[in-house]
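Quick note on the working numbering: the first sequence kicks off at 95 and runs consecutively.
These notes are about the structure you will find just below.
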Amino acid sequence: MTQISLTFPDGNARSFDAGVTPADVAADISNSLAKKAISATVDGEHWDLAWPIKTDASIAIHTLKDEAPALELIRHDFAHVMARAVQEIWPDVKVTIGPVTEHGWFYDFDRAEPFTPEDLGQIEAKMKEIINARDPVRTEVWDRERARQFYMDNGEPYKVDLVDRIPEDADIRMYWHGGWQDLCRGPHLQHTGQLPADAFKLMGVSGSHWFGDVTKNLQRISGVGFRNREELKAYMTFLEEAEKRDHRRLGREMDLFHMQEEAPGQVFWHPNGWTVYTTLQDYMRRKQRKGGYQEVNTPQVVDRKLWEASGHWEKYQHNMFIVEVDESRDGENDDATVRNKEHTRINALKPMNCPCHVQVYNQGLKSYRDLPLRMAEFGSCARFEPSGALHGIMRVRGFTQDDAHIFCTEDQIQEECARFIDFLEDVYRELGFDDFEIRFATRPEKRVGTEESWDHVEGALENAIKAVGRDYVLEPGDGTFYGPKLDFYLTDAIGRVWQCGTFQVDPNLPERLDANYIDSDGDKKRPFMLHRACLGSFERFIGILIEEHSGKLPFWLAPRQVVVASITSEADDYVAEVVDALTAVGVRAEADVRNEKINYKVREHSVGKVPVILAIGGREVTERTVSLRRLGEKQTRTVALDDVVKELGDEALAPDLR
RNA sequence: GCUGCUGUAGCUCAGAGGUAGAGCACUCCCUUGGUAAGGGAGAGGUCGAGAGUUCAAUUCUCUCCAGCAGCACCA
Numbered sequence: 095m096t097q098i099s100l101t102f103p104d105g106n107a108r109s110f111d112a113g114v115t116p117a118d119v120a121a122d123i124s125n126s127l128a129k130k131a132i133s134a135t136v137d138g139e140h141w142d143l144a145w146p147i148k149t150d151a152s153i154a155i156h157t158l159k160d161e162a163p164a165l166e167l168i169r170h171d172f173a174h175v176m177a178r179a180v181q182e183i184w185p186d187v188k189v190t191i192g193p194v195t196e197h198g199w200f201y202d203f204d205r206a207e208p209f210t211p212e213d214l215g216q217i218e219a220k221m222k223e224i225i226n227a228r229d230p231v232r233t234e235v236w237d238r239e240r241a242r243q244f245y246m247d248n249g250e251p252y253k254v255d256l257v258d259r260i261p262e263d264a265d266i267r268m269y270w271h272g273g274w275q276d277l278c279r280g281p282h283l284q285h286t287g288q289l290p291a292d293a294f295k296l297m298g299v300s301g302s303h304w305f306g307d308v309t310k311n312l313q314r315i316s317g318v319g320f321r322n323r324e325e326l327k328a329y330m331t332f333l334e335e336a337e338k339r340d341h342r343r344l345g346r347e348m349d350l351f352h353m354q355e356e357a358p359g360q361v362f363w364h365p366n367g368w369t370v371y372t373t374l375q376d377y378m379r380r381k382q383r384k385g386g387y388q389e390v391n392t393p394q395v396v397d398r399k400l401w402e403a404s405g406h407w408e409k410y411q412h413n414m415f416i417v418e419v420d421e422s423r424d425g426e427n428d429d430a431t432v433r434n435k436e437h438t439r440i441n442a443l444k445p446m447n448c449p450c451h452v453q454v455y456n457q458g459l460k461s462y463r464d465l466p467l468r469m470a471e472f473g474s475c476a477r478f479e480p481s482g483a484l485h486g487i488m489r490v491r492g493f494t495q496d497d498a499h500i501f502c503t504e505d506q507i508q509e510e511c512a513r514f515i516d517f518l519e520d521v522y523r524e525l526g527f528d529d530f531e532i533r534f535a536t537r538p539e540k541r542v543g544t545e546e547s548w549d550h551v552e553g554a555l556e557n558a559i560k561a562v563g564r565d566y567v568l569e570p571g572d573g574t575f576y577g578p579k580l581d582f583y584l585t586d587a588i589g590r591v592w593q594c595g596t597f598q599v600d601p602n603l604p605e606r607l608d609a610n611y612i613d614s615d616g617d618k619k620r621p622f623m624l625h626r627a628c629l630g631s632f633e634r635f636i637g638i639l640i641e642e643h644s645g646k647l648p649f650w651l652a653p654r655q656v657v658v659a660s661i662t663s664e665a666d667d668y669v670a671e672v673v674d675a676l677t678a679v680g681v682r683a684e685a686d687v688r689n690e691k692i693n694y695k696v697r698e699h700s701v702g703k704v705p706v707i708l709a710i711g712g713r714e715v716t717e718r719t720v721s722l723r724r725l726g727e728k729q730t731r732t733v734a735l736d737d738v739v740k741e742l743g744d745e746a747l748a749p750d751l752r
């Protein structure tokens with residue numbers, strides 16, 4: 095028998111017969127390890143305890159203590175056990191796929207009747223039965239045709255499709271526990287009893303589609319699963335906390351904005367929310383000015399001709415708000431819904447700013463000396479987003495981008511890209527986001543332009559990201575048909591990621607809209623256009639900002655910064671004086687001289703997320719001080735009026751002005 | 001847009017085939033109280049919209065609208 099050498103994490107190596115399994119190795123080390131073992135990592139690959147090892151390798155045996163592999167395995171097998179439970183209860187249900195997710199798993203089923211909440215309870219109970227049965231898991235590698243035939247015979251069309259989707263060189267691994275079978279590459283636990291029956295919960299049913307095919311509706315049951323009950327409990331607590339941070343809830347509680355049926359996907363900003371919005375906008379305007387951008391403003395209602403010329407009409411007309419105007423209308427008696435076709439002009443609310451910016455660029459001749467030309471707009475756009483896509487103020491139909499387009503030469507792209515990443519990093523940091531993800535989307539299959547040009551432009555972006563020393567995720571084939579892009583992602587309260595910033599290279603639109611410049615050699619040339627947004631849209635970014643801070647916005651952004659609260663009515667005059675002094679240095683301060691106890695006022699303004707409460711009673715009046723209390727802190731501080739005005743005045747400055 | 005669920009007072013929710021309730025918030029009165037809810041009284045609803053079944057619909061059925069979760073989409 096051939097011997098192989100296995101190296102353990104501590105560096106020691108031992109020799110075993112070739113074909114030894116990690117289960118054998120664990121048993122060889124100790125009885126208790128053999129019992130506790132759940133999987134192994136062999137040469138960096140997550141390995142089933144039952145799979146043979148045939149060559150020299152490094153090995154680490156995992157138990158439940160090893161969080162990452164343990165959770166991976168548990169969730170994976172929960173998915174299988176759930177699918178089995180479903181098929182045992184409803185044998186006519188077709189199974190599809192059931193991957194592991196961030197906190198659990200889901201499994202998609204094809205079943206004519208909808209699953210109900212009561213069904214979920216029944217499934218959970220059945221899952222516990224299966225776990226208690228401690229059915230051993232068995233896997234076999236099968237020949238592709240045999241597996242295909244097997245699923246044909248068993249009436250599992252989705253599995254047949256899956257077999258066909260498995261790459262040529264990959265093994266087809268069949269998996270059983272009890273009498274139940276699935277197709278799965280593994281690895282797996284050794285028996286169903288290794289699953290913690292008290293550490294999972296089915297979270298709900300939703301719809302899904304088979305590999306993006308909208309004609310095939312499936313039902314997705316998702317669950318969360320952990321190593322033990324405590325971890326599950328901690329997760330449920332996290333969910334409750336996250337719900338309190340939801341921007342839709344805080345938007346109401348803090349009186350920031352509302353939305354209503356008559357304007358789905360559009361925001362009614364209240365005074366508090368609009369203060370946040372305009373404060374952020376003022377900040378961005380200063381940053382952009384310093385960054386070498388010129389600000390412009392362009393029309394909302396634009397004739398379809400421009401969208402046809404830009405190419406957007408063809409591709410996106412169904413997602414545009416169309417405004418038809420009968421220009422022959424002349425009298426007050428005309429019914430606005432009746433149109434004289436001949437004289438009707440079809441416009442679209444602008445869904446994006448770029449074509450308009452090219453119109454501004456195209457006014458007058460441009461020289462190579464004008465490039466790079468950075469044109470910014472807080473551009474209000476409208477897109478008829480599918481109803482199911484709307485989500486609070488994060489995904490809306492009316493929004494304002496902090497948009498800009500940089501007209502430049504191909505050679506300037508890298509420098510402009512690096513500049514932009516610096517700009518964005520600086521802004522995100524000042525707004526409290528050190529943590530964001532960059533995704534680099536490269537040339538798709540269907541594209542325009544030469545390979546040399548793609549090589550050059552992709553290279554420019556890649557060099558620019560590398561220059562700032564940040565990690566990025568490569569998304570091959572996800573670029574637009576005309577150029578590669580970088581997208582910048584932030585995370586909301588429950589971990590959903592949202593695209594905020596973006597940077598796209600576009601040689602196409604200048605071509606379509608005939609933008610050009612006179613080069614140093616006197617020839618007319620075509621500029622590149624770089625589309626970029628830093629926050630993305632004010633709506634989405636403010637949504638993220640609210641969730642990130644749980645509503646406790648940094649002082650300079652907080653809509654209500656200071657409440658000056660009287661303790662007795664004798665303090666009222668002095669309260670007014672304090673409010674005036676703070677207002678004079680740019681602090682948003684308000685008086686609360688209502689006939690209420692200080693406890694009541696402190697509670698109310700704390701709930702309202704006001705960062706600073708200044709309480710004023712008889713003592714403060716005589717001493718000309720204030721009693722300062724910060725949100726989230728229990729202790730108070732007595733500060734002289736002049737000092738508090740200075741302190742809060744400084745704090746009210748935006749980070750770029752300090 | 002698709003699948004499923006939801007829609008009752010400003011908010012969170014209860015309710016039943018015979019035209020509505022609680023807590024908080026709101027208004028007024030009493031209370032001038034020292035850092036997260038003092039006490040009392042009052043006002044407030046076309047039960048998302050429309051149609052149907054019924055003697056009778058907020059309740060049952062259908063259609064539409066909006067919201068929620070996921071999918072699909074996201075220039």
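Virtual Cβ for every residue (Gly too), placed ideally from N, Cα, C.
All figures in this text were calculated on a predicted structure; none of them were measured in a lab.
Q. Just curious, the alpha helix (DSSP H) that residue 550 is in, first and last residue?
A. What you label residue 550 is simply residue 456 of the first sequence in a count that begins at 1. Unbroken alpha helix (DSSP H) run through residue 550: 545 to 562.
Q) Closest to residue 662 by CA distance: which of 642, 675, 687 and 672 is it? A) As a first step, residue 662 must be located in the first sequence, where it is residue number 568. Of the candidates 642, 675, 687 and 672, the one whose C-alpha sits nearest the C-alpha of residue 662 is 687.
Q: Pull up the DSSP beta-bridge partners for residue 271, would you.
A: Taking the first sequence and counting its residues from 1, the one referred to as residue 271 is at position 177. Residue pairing by DSSP places residue 271 opposite 231 and 274 in a beta bridge.
Q. From what residue to what residue does the alpha helix (DSSP H) around residue 122 run?
A. By 1-based counting over the first sequence, the position of residue 122 is 28. Looking at the DSSP string, the run of the alpha helix (DSSP H) that includes residue 122 is 116 to 123.
Q | Backbone CA spacing between residue 178 and residue 274 [nearest angstrom] | A | For the purposes of this step, residue 178 is taken as the residue at position 84 of the first sequence. For the purposes of this step, residue 274 is taken as the residue at position 180 of the first sequence. Distance between the alpha carbons of residue 178 and residue 274 is about 6 Å.
Q: Please work out which residues of its chain come closer than 6 Å, Cβ to Cβ, to residue 452, disregarding the five sequence neighbours upstream and downstream, and give them in chain order.
A: Position 358 of the first sequence, counted from the first residue, corresponds to residue 452. Excluding sequence neighbours, residue 452 sits near 607 and 609.
Q. Which residues does DSSP pair with residue 534 in a beta bridge?
A. Counted from its first residue, the first sequence places residue 534 at position 440. Residue 534 is bridged to 568 and 580.
Q) Thinking C-alpha only, which one of 307, 283, 503 and 371 is nearest residue 85? A) Outside the shown range of the chain, which is 95 to 752, sits residue 85, and nothing can be said about it.
(Q) If the criterion is Cβ atoms closer than 8 Å, does the pair residue 289 and residue 194 meet it? (A) Taking the first sequence and counting its residues from 1, the one referred to as residue 289 is at position 195. Taking the first sequence and counting its residues from 1, the one referred to as residue 194 is at position 100. No, these two residues do not count as a Cβ contact at 8 Å.
Q) Would you call the stretch 466 to 476 and the stretch 437 to 453 in contact, with 3 or more CB pairs under 8 Å? A) Cβ pair count under 8 Å is three or more, so yes.
**Q.** Classification of residue 113 by the beta-carbon crowding that lies within 10 angstroms, buried from 16 upward
**A.** Numbered from its first residue, the first sequence carries residue 113 at position 19. Under this definition residue 113 is an exposed residue.
Q) Between residue 549 and the ligand FAD, is the CB less than 7 Å from at least one heavy atom? A) Questions concerning the ligand FAD fall outside what the structure shown contains, since it holds no ligand whatsoever.
Q: Identify whether residue 356 lies in helix, strand or coil by the three-state DSSP scheme.
A: Reading the first sequence from its first residue, position 262 is the one you call residue 356. Note: residue 356 maps to coil in three-state DSSP.
Q: Taking 8 Å as the cut-off, decide whether the C-beta atoms of residue 735 and residue 720 are in contact.
A: As a position in the first sequence, residue 735 is number 641, starting the count at 1. As a position in the first sequence, residue 720 is number 626, starting the count at 1. Cβ distance < 8 Å, so residue 735 and residue 720 count as in contact.
**Q.** Secondary structure of residue 330, DSSP reduced to three states
**A.** Counted from its first residue, the first sequence places residue 330 at position 236. Residue 330 falls in the helix class under three-state DSSP.
(Q) Just to confirm my understanding: we take residue 351, look at its own chain, exclude 5 residues before and 5 after, and list those with CB closer than 7 Å. What are they? (A) On the first sequence, position 257 is the one that residue 351 refers to. Hits under 7 Å: 345, 361, 362, 363, 364, 367 and 487.
Q: Return the CA-CA distance between residue 497 and residue 625, expressed in angstroms with no decimal places.
A: Taking the first sequence and counting its residues from 1, the one referred to as residue 497 is at position 403. Taking the first sequence and counting its residues from 1, the one referred to as residue 625 is at position 531. Residue 497 and residue 625: Cα-Cα distance of roughly 8 Å.
Q. What number of angstroms, rounded off, separates the C-alpha of residue 233 from the C-alpha of residue 170?
A. Locating residue 233 in the first sequence gives position 139, where the first residue counts as 1. Locating residue 170 in the first sequence gives position 76, where the first residue counts as 1. Roughly 14 Å separates the two Cα atoms.
Q.
Nearest by alpha-carbon distance to residue 501: which of 656, 530, 523 and 454 is it?
A. Here residue 501 refers to the residue found at position 407 of the first sequence. The shortest Cα separation from residue 501 among 656, 530, 523 and 454 belongs to 454.
(Q) Among the candidates 227, 310 and 249, whose CA atom is the shortest distance from the CA of residue 291? (A) The residue you call residue 291 lines up with position 197 of the first sequence. Comparing Cα-Cα distances from residue 291 to each of 227, 310 and 249, the minimum goes to 227.
Q. Would residue 205 pass as a contact of residue 184 if the rule is Cβ separation under 8 Å?
A. In the first sequence, residue 205 corresponds to position 111, counting from 1. In the first sequence, residue 184 corresponds to position 90, counting from 1. Yes, the pair counts as a contact, with Cβ atoms nearer than the cut-off.
Q) Between residue 229 and the rest of its own chain, which residues show a CB-CB distance below 7 Å, the 5 nearest in sequence each way excluded? A) Working through the first sequence from its first residue, we reach residue 229 at position 135. Counting only Cβ-Cβ distances below 7 Å, and skipping sequence neighbours, we find 271, 272, 285 and 286.
Q: Please report the residue range of the beta strand (DSSP E) in which residue 633 lies.
A: By one-based count along the first sequence, residue 633 stands at place 539. Per DSSP, residue 633 belongs to no beta strand (DSSP E); it is in the alpha helix (DSSP H), 632 to 642.
(Q) On the CB-based measure, 16 or more other CB atoms within 10 Å of its CB, does residue 231 come out buried or exposed? (A) Start at 1 with the first residue of the first sequence, and residue 231 comes out as number 137. Burial call: buried.
Q | Exposed unless 16 or more other CB atoms sit within 10 angstroms - verdict on residue 576 | A | Working through the first sequence from its first residue, we reach residue 576 at position 482. So residue 576 ends up on the buried side.
(Q) So for residue 237, helix, strand or coil by DSSP? (A) Taking the first sequence and counting its residues from 1, the one referred to as residue 237 is at position 143. Residue 237 falls in the coil class under three-state DSSP.
Q) Assuming residue 186 and residue 312 make a contact with CB atoms under 8 Å, what is their CB distance in whole Å? A) Residue mapping note: residue 186 aligns to position 92 of the first sequence, counting from 1. Residue mapping note: residue 312 aligns to position 218 of the first sequence, counting from 1. That belief does not hold up - the Cβ atoms of residue 186 and residue 312 are roughly 14 Å apart, past 8 Å.
Q: Pull up the distance between the alpha-carbon of residue 469 and that of residue 391, whole angstroms please.
A: One-based indexing of the first sequence puts residue 469 at position 375. One-based indexing of the first sequence puts residue 391 at position 297. Distance between the alpha carbons of residue 469 and residue 391 is about 10 Å.
**Q.** Identified DSSP bridge partners for residue 502
**A.** Counting from one through the first sequence, the residue named residue 502 turns up at place 408. Beta-bridge pairing links residue 502 to 622.
Q | Contacts around residue 325, its chain only, beta-carbon distance under 8 Å, and the 5 residues preceding and following it disregarded | A | For this step, residue 325 is matched to residue 231 along the first sequence. Here the set comprises 293.
Q. What residues match up with residue 724 in a beta bridge as DSSP calls it?
A. For the purposes of this step, residue 724 is taken as the residue at position 630 of the first sequence. Per DSSP, 706.
Q.
Let me check one thing: in DSSP terms, what residues is residue 371 bridge-paired to?
A. Locating residue 371 in the first sequence gives position 277, where the first residue counts as 1. The partner list for residue 371 (beta bridge, DSSP) is empty, contrary to what the question assumes.
(Q) Looking at the strands, I want to know which residues DSSP matches up with residue 318. (A) Here residue 318 is taken as the residue at index 224 of the first sequence, counted from 1. Partner(s): 198 and 295.
Q: Compute the distance between the beta-carbons of residue 659 and residue 707, then report whether it is under 8 Å.
A: Numbered from 1 along the first sequence, position 565 holds the residue referred to as residue 659. Numbered from 1 along the first sequence, position 613 holds the residue referred to as residue 707. Yes.
Q. Is the beta carbon of residue 282 less than 8 Å from the beta carbon of residue 167?
A. As a first step, residue 282 must be located in the first sequence, where it is residue number 188. As a first step, residue 167 must be located in the first sequence, where it is residue number 73. Yes, the pair counts as a contact, with Cβ atoms nearer than the cut-off.
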